[in-house]
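Single-structure report; data block below.
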Amino acid sequence: MTEIEIGMPTLKPKDFKTDQEVRWCPGCGDYIILNTVQSFLPEMKIRREDIVFVSGIGCSSRFPYYVNTYGLHSIHGRAPAIATGLAASRPELSVWVVTGDGDALSIGGNHLIHALRRNVNLTILLFNNRIYGLTKGQYSPTSELGKVTKSTPMGSLDAPFNPLSLAIGAEATFVARAMDSDRAGLLSVLRAAHEHKGAAFIEIYQNCNIYNDGAFEVLKDPGTRDEAIIPLVTGQPIRFGKDGHRGVVRDPNTGVLGVAEVSEVGNDAIVVHDPSTEDPSYAFGLSRLSGSDLGHTPFGVFRSVQRPTYDGQMSAQLDEAVAKSGAGDLDQLLHGSDTWVVGAGADAS
Amino acid sequence: MWGHGYPYSSTYTAVEVATLVTKPVLHIDRVVIRLAGDSGDGMQLTGDRFTAETASFGNDLSTLPNFPAEIRAPAGTLPGVSSFQLHFADHDIMTPGDAPDVLVAMNPAALRANLGDLPRGKTIIANADEFAGRSLTKVGYTANPLEDDSLADYQLISVPLTSLTLEALKDSGLGKKDAERAKNMFALGLLSWMYNRPTEGTIAFLKKRFAGKPEIAESNVTAFRAGYNYGDTTEAFAVSYEIKPAEMPPGVYRNINGNLALAYGLVAAAKCSGLPLFLGAYPITPASDILHELSKHKAFGVRTFQAEDEIAGVGAALGASFGGALGVTTTSGPGVALKGETIGLAVSMELPLVIVDVQRGGPSTGLPTKTEQADLLMAMFGRNGESPVPIVAPRSPSDCFDAALEAVRIATTFMTPVFLLSDGYLANGSEPWLLPNSADLSDLRRPFVTEPNGPDGEFLPYQRDQATLARPWAVPGTTGLQHRLGGLEKSDGAGEINYEPANHDYMVRTRQAKVDRIADGLPPTEVDDPTGAARVLVLGWGSTYGPIGAACRRLRVDGLEIAQLHLRHLNPFPSDLGPVLKRYERVVVPEMNLGQLALLLRAEYLVDIVGYNQVRGLPFRAAELADVLHGVITEVTNATEGSGEATASEHRREERARSGASAEPTDMTEVLR
């Protein structure tokens, strides 16, 4: 990525807006996410032309049209694959994927898990509204079991994905969660993701006020949110609730993470958050604290570990090949090792 | 046949006999050898080596590997038989040969599976050791065919290949099983003696291939030499044969198969276009070898990405194209079926992309290792909406190199995805290739745009070049040209989302017009019509070039007039194709499908087409094609004689009326429909 040189004009959030009319439904959570991302982009100190947003299909996938960078609004589910080709061939670019729960976890599930395991240098924003919005209200792979929708009048039958559990299981090196209405929280995970080299996966809870309004109400209602939200702060004991009366503890026998009253177990028993823990079972344990009811839902960076990036290693292999045998010589390649000469005046090699 | 379209010479030299010191050497002008054995017997390797020896000797050659889809079918069974056919000659040849002159059968299954193709009087070399007990009964022999006189019509040479190999290797220290494995090299040595092939290449090859296992290398060389000496000394072989080097245009040659030539063509195209090559691919037979080959060429800046599936393969290639790379995906028919939506996205985004389809027998998984050319209509129409994609096809293994360059030229000049339709026969078949000089290859550079093109200093991603209708290619990293592409319909010029009826109509027609304009830049269609008097034209595409050309030669040798035309461009057709077709009273289109090109030609030109169609998983036989064409020529001639002074055009009308009423005897398309 090209750092902005001293003397170049500093970019402002408005520099990342396009002249396109934003066409999400009034009141959609996507607006505030767009706004937050646009306000964050200048912080990266990367030129607009070195940033690419790639999306699939769905409400969230309109995102690239509204950001003044290079952009690609592709086809359903395939954004991680397309972004992989772009990032692998242009490792100096900042490549972002914007996707939704249907796009990333249903039709595009295969591409998502492989982009994560390869650790391609991508920032993946998954807008999770637990519903299909663009097709007008069918249940999605993150909808709670028994969800009544147009396509499931008697309730959905399939167990939902926990996107973070899936990402961690797919060997993701960076996994975080934020929420549309929590601007500060989203900004802080965007910053952490930007610092991460490799695939950064961010799940953003996003309210669809038309087809699934109030899906995250328990996390937003002043009466319930403090007991439901678990803020993850690196180096701090994981405590939450009014005055931090609750905390995350590890069962000494099974290693399973759970929630306890601090007054009962003591502060020393509370797990101190360390997203750089190599063993993915720690982050996985955190991801399992919340079920579909969102009763105990951690926010922040779950996991951030270093592993060589796919694009970086691919470039390194090219460099290594040139260092070993020199830049490719086409005539030498075409000749191979077995040639013969017909007629006079021709040279074999 | 060799590459670069050199006009062939049909010098069938007379057979002459010469005598050397030890055994007589019989001079012949051509031979077709088929090596057949279990799929674990190393027949493909043996064939490759014999081909390399033959190539380095300077014969013209053409090969046809034929192997089962199973890696190791049960040993000694008919489904497990793998074969390799090689045709070589002292003159230009065009096919791997219709029928073998010599069949090497390593076991009873190989004999049973291939004997039907061997004309009577031809030679069988059989590994006598394997013709016993279960090996015989497993494939339905109740008696040993080598001993019961059932092969009396053939020249049978029974050789105990296995025991001779074991004997030769008795001091090697190898166990019986390992030593037995070298029997294919014994057979190769024997053939090398029979046909006076140079042996140094094979010895060097074996030493290099088994460099890490010197005892295996040594035993293979020993078996190879033992086979050679066996031919020289045993009385079973009275003569050896010499086939003189072919007269070929001067230059440096190598032997090459289609997949390798195609991979090289892509590397060359990347160099000529100044674009880094990015291949996104998922393993699939028979295209995987292109992925393997390109993976070796990182020193050329080639990036290869083995994707999680076919869709990701083409998606990554398209993403790379957006970034300014030469995006390529390689696959076979089932993969194209999966890639359709992404190819449509490339049509909409108007980015260069090359989709290589090495066609195989279908539908579904079909015949993974056999050839067919039944994906033409899928390439043409296999996407939603009006989604035109140019199509080019190579005609021979070495021509895959030139076809790859042409596909890339069209893709970058017209900002479009392009189909390159190879097939299983081209992929694995080989021929000598007159090597091009890289300095002589066309310049395919087409610079990225770096400046805004709009009246107010803005960038208009769909503002088109007036000549080609191509839109500008601006890549990320270029200041001031940030833009957003996608699959939603865009406004002409500005490239903003646009659902207006008039705009969509305009954009659909413009994308079609852009593809149509490719035809404007194509060279005039060249018909091979030596006397200019032919009344029947045979028109083909893809790998049928060899057998069609060979069939035409046979007819001309017999004094018949036939014109041949072979299409490189299937979409769009060359702009002069219509008038060319109308010059002939009858147009015959042989295809390894049920009439896909014929359908397109009929629709485009309202010209009646006589289809000749086979889907056997194998190339056409030249003799069979010659018979079919002979029949059509005779019919046309008789029709004229029978109707007095009627004009040719009246005849054509009559023919058309008649073929509409009843199926032509040679038109399998009609029959099967």
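Protein chains in written order, with the numbering used here: chain F, 1 to 349; chain D, 1001 to 1673. Here a beta-carbon is modelled for each residue, glycine too, at the ideal position from N, C-alpha and C.
Item	Value
Just reading off the beta strand (DSSP E) that D:G1327 is part of, what are its end residues?	L1326 to T1331
Would you say F:Y31 faces chain D, with C-beta separation under 7 angstroms as the test?	no
For chain F, find out if any of its Cβ atoms is closer than 7 angstroms to the Cβ of D:R1209; answer yes or no.	no
For the stretch 1337-1356 of chain D, enumerate the residues whose C-beta is nearer than 9 angstroms to any C-beta of chain F, in chain order.	E1341, T1342, G1344, L1345 and M1349
In chain D, what lies closer than 7 angstroms to F:M314 by C-beta?	R1303
Quick check: the Cα distance between D:L1377 and D:P1068, rounded to an integer number of angstroms?	27 angstroms
Pull the bridge partners of F:Y132 from the DSSP assignment, please.	F:Q138
If you measure from the beta carbon of D:S1438 to each beta carbon in chain F, is any gap under 7 angstroms?	yes
Which residues bound the beta strand (DSSP E) around D:Q1596?	Not the beta strand (DSSP E): D:Q1596 falls in the alpha helix (DSSP H), residues Q1596 to Y1605.
Who pairs with F:K242 in a beta bridge, going by DSSP?	Paired residues: none, contrary to the question.
Given F:I51, which residues of its chain have a CB within under 6 angstroms of its CB, disregarding the five upstream and five downstream residues?	T69 and S94
Roughly how many angstroms lie between the CA atoms of F:P222 and F:I229, to the nearest whole one?	11 angstroms
Within the chosen definition, does the stretch 1308-1328 of chain D reach the stretch 1269-1281 of chain D through at least 3 CB pairs nearer than 8 angstroms?	yes
Would you decide whether D:Q1466 is buried or exposed? Buried here means 16 or more other CB atoms lie within 10 Å of its CB.	exposed
Can you give me the C-alpha to C-alpha distance between F:H335 and F:F174, rounded to a whole angstrom?	47 angstroms
Closer than 9 angstroms between beta carbons: that is the criterion. Which residues of the stretch 1309-1329 of chain D meet it against chain F?	D1309, I1311, A1312, G1313, V1314, G1315, A1316, A1317, L1318, G1319, A1320, S1321, F1322, G1323, G1324, A1325 and G1327
Name the two residues that bound the continuous beta strand (DSSP E) containing D:R1034.	R1030 to D1038
Taking D:L1567 as the reference, give the member of D:E1561, D:L1560, D:V1580 and D:V1557 with the closest Cα.	D:V1580
Please return the same chain residues whose Cβ sits closer than 7 angstroms to the Cβ of D:N1059, not counting the five positions on each side in sequence.	F1088, A1089, D1090, I1243, P1245 and A1246
State the Cα-Cα distance for the pair D:H1651 and D:P1397, rounded to the nearest angstrom.	Confidence at D:H1651 is low in this model, with a pLDDT of 49, below 50, so the placement of that residue should be treated as unreliable; the coordinate-derived value is given next. So the alpha carbons of these two residues sit roughly 39 angstroms apart.
Looking at chain F, is there any beta carbon in it that lies within less than 7 angstroms of the beta carbon of D:M1248?	yes
Can you say whether D:Y1499 is buried or exposed, counting buried as having 16 or more other CB atoms within 10 angstroms of its CB?	exposed
What residue range is occupied by the uninterrupted alpha helix (DSSP H) comprising D:Q1482?	Run containing D:Q1482: none; DSSP gives neither H nor E here.
Which ranges does the beta strand (DSSP E) cover as unbroken runs of at least 3 residues, wholly within the stretch 1337-1375 of chain D, from first to last along the chain?	1353-1359
Between D:R1484 and chain B, is the shortest Cβ-Cβ distance under 7 angstroms, so that the two count as touching?	Of the protein chains in the structure, F and D, none is chain B.
Does the stretch 1160-1169 of chain D come close enough to the stretch 1218-1227 of chain D that 3 or more CB-CB pairs lie under 8 angstroms?	yes
Taking just the CA atoms, how far does D:E1372 sit from D:R1030?	27 angstroms
Is there at least one Cβ from chain D nearer than 7 angstroms to F:D331's Cβ?	yes
Going along chain D in order, which residues have a C-beta closer than 7 angstroms to the C-beta of F:T69?	Q1482
Apply the 10 Å Cβ neighbour rule to D:E1645 and answer buried if 16 or more other Cβ atoms are within range, or exposed otherwise.	Confidence at D:E1645 is low in this model, with a pLDDT of 45, below 50, so the placement of that residue should be treated as unreliable; the coordinate-derived value is given next. Under this definition D:E1645 is an exposed residue.
Have a look at F:L353 and D:G1487 and give me their C-alpha separation to the nearest angstrom.	No information on residue 353 of chain F is available, as it lies outside the stretch 1 to 349 that chain F covers here.
Excluding the 5 residues preceding and the 5 following D:S1543 in the sequence, name in chain order all residues of the same chain whose CB lies nearer than 6 angstroms to its CB.	D1423, Y1425 and L1426
With a threshold of 7 angstroms between beta-carbons, can D:L1435 be considered close to chain F, or not?	yes
Check the Cβ-Cβ distances between F:G223 and every residue of chain D, and say whether any is below 7 angstroms.	no
Under a three-way DSSP split, which group does D:L1565 fall into?	strand
If the cut-off is 9 angstroms on Cβ atoms, which residues from the stretch 1251-1266 of chain D count as contacting chain F, listed in chain order?	G1251, V1252, Y1253, R1254, N1255, I1256, L1260 and Y1264
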